[in-house]
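Following my numbering, the residues of the sequence shown are numbered contiguously, the last one being 274.
Note that beta-carbon positions come from the ideal geometry of N, C-alpha and C, so glycine has one too.
It should be emphasised that the depicted structure is a prediction, and the values quoted were computed from it without experimental measurement.
Some notes on the structure that comes next.
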Amino acid sequence: MADRYVVIGNPIAHSKSPQIHARFAQQTGEPVAYDRLLAPLDGFEATVRDFIAAGGRGANVTVPFKLEAFTLADRRSARAEAAGAVNTLSFEAGAVIGDNTDGVGLVRDIVLRAGVPLADARVLLLGAGGAARGVILPLLEEAPDEIVIANRTVARAEALIEQFAQPGSRLRAVQFDALAGAFDIVINATSASLSAELPPVPPSVFGAQTFAYDMMYGAGPTVFMQLAAAHGASVRDGLGMLVEQAAEAFFVWRGVLPDTAPVYQWLREQL
Ligand code: ATR
Numbered sequence: 004m005a006d007r008y009v010v011i012g013n014p015i016a017h018s019k020s021p022q023i024h025a026r027f028a029q030q031t032g033e034p035v036a037y038d039r040l041l042a043p044l045d046g047f048e049a050t051v052r053d054f055i056a057a058g059g060r061g062a063n064v065t066v067p068f069k070l071e072a073f074t075l076a077d078r079r080s081a082r083a084e085a086a087g088a089v090n091t092l093s094f095e096a097g098a099v100i101g102d103n104t105d106g107v108g109l110v111r112d113i114v115l116r117a118g119v120p121l122a123d124a125r126v127l128l129l130g131a132g133g134a135a136r137g138v139i140l141p142l143l144e145e146a147p148d149e150i151v152i153a154n155r156t157v158a159r160a161e162a163l164i165e166q167f168a169q170p171g172s173r174l175r176a177v178q179f180d181a182l183a184g185a186f187d188i189v190i191n192a193t194s195a196s197l198s199a200e201l202p203p204v205p206p207s208v209f210g211a212q213t214f215a216y217d218m219m220y221g222a223g224p225t226v227f228m229q230l231a232a233a234h235g236a237s238v239r240d241g242l243g244m245l246v247e248q249a250a251e252a253f254f255v256w257r258g259v260l261p262d263t264a265p266v267y268q269w270l271r272e273q274l
């Protein structure tokens with residue numbers, strides 16, 4: 004009998020997580036069965052409790068339930084606390100443990116798959132919503148030279164600076180129109196690409212040495228990637244982050260880290 008896991012969201016039909024985890028299970032030989040689970044918008048907790056009662060071992064959590072998952076958890080990892088959101092739940096001996104693997108997924112995709120070092124890099128993070136907050140701690144742990152956060156609503160960027168500022172950490176919030184000069188790494192953590200919009204970032208942040216990363220992905224380059232490439236940057240979408248956050252969740256549950264390369268290749272071919 005396989006151990007049961009699910010991805011819970013609303014909507015959930017589009018989720019690629021079952022295909023990703025099926026490949027991880029096959030590759031590692033772990034006895035994992037992984038399905039989609041649609042929760043009613045007002046029924047996240049009841050859905051989780053029913054799944055636990057039915058013997059479920061863990062769950063990934065996606066839109067719009069990551070904040071509710073944070074509240075539901077009895078205990079949380081430091082990275083989940085920092086993110087203020089939970090995307091991975093483990094059910095152990097009557098307790099619900101909350102974790103967040105999104106940030107480590109981003110960092111591994113940039114450093115390991117793309118081969119771009121974050122250490123000593125000047126990083127520009129666009130956006131100050133949940134997606135941005137979720138990646139700041141893992142980015143800081145790579146010891147970049149600085150992280151500049153630009154957001155349309157600058158007060159949200161300032162709130163993040165206040166949360167993450169530590170002695171010696173070079174973090175600052177700026178208005179989009181105050182940005183000038185190229186960065187080593189520009190990460191789009193706004194939700195603008197969802198509606199094919201662009202954050203109002205001046206093209207001068209991109210140069211020939213810039214690596215531009217969009218957390219979104221699709222069949223072709225996002226509008227953000229097109230803008231960055233037109234100004235000489237090398238570009239990448241967020242498909243690898245999806246695979247890496249899944250691999251880290253698999254590791255949290257099973258203690259085995261899958262090889263993401265063949266799964267990434269397979270997903271890329273499906274787009
Ligand atoms: P998520 O969980 O995806 O981060 P969110 O918490 O709603 O979603 O945050 C969305 C982020 O994208 C915010 O930083 C938002 O900017 P504001 O805080 O100023 O609203 C940003 N965003 C969304 N659409 C945008 C656009 N068209 N241009 C610039 N920023 C945009």
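Query raised in the report: Which whole-angstrom value is the C-beta distance of residue 62 and residue 10, which I expect to be below 8 angstroms?
Result: A Cβ-Cβ distance of about 7 angstroms is found for the pair residue 62 and residue 10, placing them in contact under the 8 angstroms criterion.
Query raised in the report: Helix or strand or just coil, what does DSSP make of residue 153?
Result: Strand.
Query raised in the report: At which residue ranges does the segment 17-104 contain complete alpha helix (DSSP H) runs of 4 or more residues, listed in the order of the chain?
Result: Runs found: 20-31, 47-56, 69-75, 81-86.
**Report entry** Residues bridged to residue 128 [DSSP beta-bridge criterion]
**Finding:** DSSP, once it has assigned bridges, lists 152, 190 as partnering residue 128.
Report task. Give me whichever residues DSSP pairs with residue 239 in a beta bridge. Result -> For residue 239, the pairing in a beta bridge is given by DSSP as 216.
Query - Endpoints, beta strand (DSSP E) assigned at residue 175 - result: Run containing residue 175: 174-177, per the beta strand (DSSP E) assignment.
Query - Proximity winner among 108, 64, 254, relative to residue 242 (alpha-carbon distances) - result: From the listed residues 108, 64, 254, the smallest Cα separation to residue 242 is found for 108.
Query raised in the report: Taking the C-alpha atoms as reference points, what is the distance between residue 163 and residue 252?
Result: The alpha-carbon atoms of residue 163 and residue 252 are separated by roughly 25 angstroms.
Query - Closest Cα partner of residue 239 within the set 190, 27, 13 - result: Nearest to residue 239 by C-alpha distance, out of 190, 27, 13, is 190.
Query raised in the report: Between residue 103 and residue 89, which are expected to be in contact by the criterion C-beta below 8 angstroms, what is the C-beta distance as a whole number of angstroms?
Result: Right, their Cβ atoms sit about 6 angstroms apart.
Query raised in the report: Which residues bound the alpha helix (DSSP H) around residue 137?
Result: First-last of the alpha helix (DSSP H) with residue 137: 133-144.
Query raised in the report: How about residue 63: is its Cβ closer than 7 angstroms to a heavy atom in ligand 1?
Result: No, the Cβ of residue 63 stays beyond 7 angstroms of every heavy atom of ligand 1.
Requested in this report: Rounded to whole angstroms, what's the CA-CA distance from residue 24 to residue 125? Just pull it up for me.
Outcome: Residue 24 and residue 125 have their C-alpha atoms some 34 angstroms from each other.
Query raised in the report: Between residue 156 and ligand 2, is the CB less than 7 angstroms from at least one heavy atom?
Result: The model on display carries ligand 1 but not ligand 2.
Query raised in the report: Any heavy atom of ligand 1 closer than 7 angstroms to the CB of residue 235?
Result: Flag unset: Cβ of residue 235 not near ligand 1.
**Report entry** Reduced DSSP secondary structure (H/G/I, E/B, other) of residue 15
**Finding:** In this structure, residue 15 counts as coil in the three-state DSSP scheme.
Query raised in the report: What are the partner residues of residue 10, as DSSP defines its beta bridges?
Result: The bridge partners DSSP lists for residue 10 are 39, 63.
Query - Buried versus exposed call for residue 158 [16 or more other C-beta atoms within 10 Å across all chains shown] - result: Counting the other CB atoms within 10 Å of its CB gives residue 158 a total below 16, which places it among the exposed residues.
Requested in this report: Answer yes or no: do residue 150 and residue 129 have a C-beta to C-beta separation smaller than 8 angstroms?
Outcome: No, the pair does not count as a contact, with Cβ atoms beyond the cut-off.
Requested in this report: Tell whether a beta-carbon distance below 8 angstroms holds between residue 232 and residue 192.
Outcome: Going by C-beta atoms, residue 232 is not nearer than 8 angstroms to residue 192.
Query raised in the report: Would you say the beta carbon of residue 58 comes nearer than 7 angstroms to a heavy atom of ligand 1?
Result: Not one heavy atom of ligand 1 falls within 7 angstroms of the beta-carbon of residue 58.
**Report entry** residue 227, enclosing alpha helix (DSSP H) - first and last residue
**Finding:** Counting along the chain, the alpha helix (DSSP H) containing residue 227 begins and ends at 226-233.
Requested in this report: Report, in whole angstroms, the separation of the C-beta atoms of residue 144 and residue 122, which I expect to be a contact under 8 angstroms.
Outcome: About 10 angstroms separates the two Cβ atoms, so there is no contact after all.
Query raised in the report: Three-state secondary structure (DSSP) at residue 211?
Result: It is coil, neither helix nor strand.
Query raised in the report: By Cβ distance, which residues of its chain are closer than 8 angstroms to residue 197, with the 5 residues on each side in sequence left out?
Result: Counting only residues of its own chain and dropping the five nearest sequence neighbours on each side, residue 197 has a CB closer than 8 angstroms to the CB of 219.
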